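Below: the structure, in structure tokens.
Protein chains: 2
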Amino acid sequence: MLRGFECEHELYAREILRKKGLKSTAQRLAVVHVLHTSEKSLSVGEIHDGVKKILGTTGLATIYRTLEMFEDLGIVKRLHFPDGGYGYTFSQGEHVHHMICLACRGVFDFPECPIKSLDYTSAESQGFYVEDHSIQLFGQCGKCREQAVC
Amino acid sequence: MLRGFECEHELYAREILRKKGLKSTAQRLAVVHVLHTSEKSLSVGEIHDGVKKILGTTGLATIYRTLEMFEDLGIVKRLHFPDGGYGYTFSQGEHVHHMICLACRGVFDFPECPIKSLDYTSAESQGFYVEDHSIQLFGQCGKCREQAVC
DNA sequence: AATTAAATGAGAATATTTTTCAACTAAACT
DNA sequence: AGTTTAGTTGAAAAATATTCTCATTTAATT
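Protein sequence lines, in the order shown, are assigned to chains A and B. No gaps in the numbering here: position 69 of the first sequence is 70 in our numbering, and each next residue is one more. No gaps in the numbering here: position 36 of the second sequence is 37 in our numbering, and each next residue is one more.
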């Protein structure tokens, strides 16, 4: 298959796919490439466009299939925005929380997990068993603040 | 217009609508009723069904329009689940975080906001201006744990 | 009761996502 | 390097989900 833009991120994805007996197709690696070279999160359509730029024609269904699979594998993360939209960002499966710029949809890692220091006592006192949590900060990134008119 | 199930939640919604010069229609109050009497979050279709049970025929477009408006007004909150679905829960505009049961989609308030005690220093050191944040705990509620087979 | 601006319903129009299936291809095995 | 095989893809159709249009209705005000 077509190579040429092989980097650590693509090798990382190849490895995960290989372990699961899944194929490292040009389409899948192109999705990895498009996502990890983007500083902002991307919609399904934007990912499709990016992949088409690399491979020429590519079916939209393949993009949907790939993203769903990648999310299960922890290769991408789906983020929901307050306006109801959503996008994908590359992920290496780590426990990371994000700061999301509402202006450019840029995604930045939030270095600390405040829940780590916190315990789940108040949840558990209500009989709730916590399996996972998600934290997101919304606002404006440095670049967008500079460009802002106000 | 049709009354009969007027309670504090409906009066609360009426007041917000009135202040904005919007009408308290039977459809809107029925959405409030359906949502606040449900212990779990509801999909658009479930809300539509619930409203139809109260009012008879009701257009789906009205449900969509109402939910969008209610979200802007802080009367409902849209929650996204790890499986990609989403649902709505009644809200009174307060800063509350939720514990979401993955089994029944029940929504419970998480009493403390860990971000309150935390500061945004690490975000701000990256030049990011934080406007809002969202925290969600996912897991299993007490009721679903009891019913679980394992 | 009359007025008016806002809201609704029904269905058409869009948009989004999933499914189907024949053709294709990466990976493993000669 | 060629064969085999199971997994994948593309294209189009199908299924879902969401938004829009506009004539009719209604809540709120006078």
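Even glycine gets a Cβ: it sits at the ideal position worked out from N, Cα and C. Predicted model only: the values in this text are computed from it and were never measured.
Closer than 8 Å at the C-beta level to chain B, one finds these residues of the stretch 125-138 of chain A: 127, 128, 129, 130, 131, 132, 133, 134, 135, 136, 137, 138. At a cut-off of 8 Å between beta carbons, residue 148(B) makes no contact with chain A.
Proximity of residue 142(A) to chain B, defined by a Cβ-Cβ separation below 8 Å, is satisfied. Per DSSP, reduced to three states, the secondary structure at residue 67(B) is helical. For the pair residue 15(B) and residue 143(A), the Cα-to-Cα distance works out to about 40 Å. Assignment of alpha helix (DSSP H) within the stretch 38-119 of chain B, counting only whole runs of 4 or more residues, yields 45-56, 61-74, 115-118 in chain order.
Rounded to whole angstroms, the Cβ separation of residue 56(B) and residue 28(B) is 7 Å, and the two are in contact under 8 Å.
CA-to-CA, the gap between residue 85(A) and residue 59(A) works out to about 27 Å. When secondary structure is reduced to three states using DSSP, residue 138(A) falls in the strand class.
In the DSSP assignment, residue 130(B) forms a beta bridge with 141(A).
Annotation for residue 110(B): 97, 99 place their beta carbon closer than 7 Å to its own, counting only its chain and skipping 5 residues before and after.
Taking CB atoms only, residue 113(B) has a neighbour in chain A less than 8 Å away. When only Cα atoms are considered, residue 75(A) and residue 36(A) end up about 13 Å apart.
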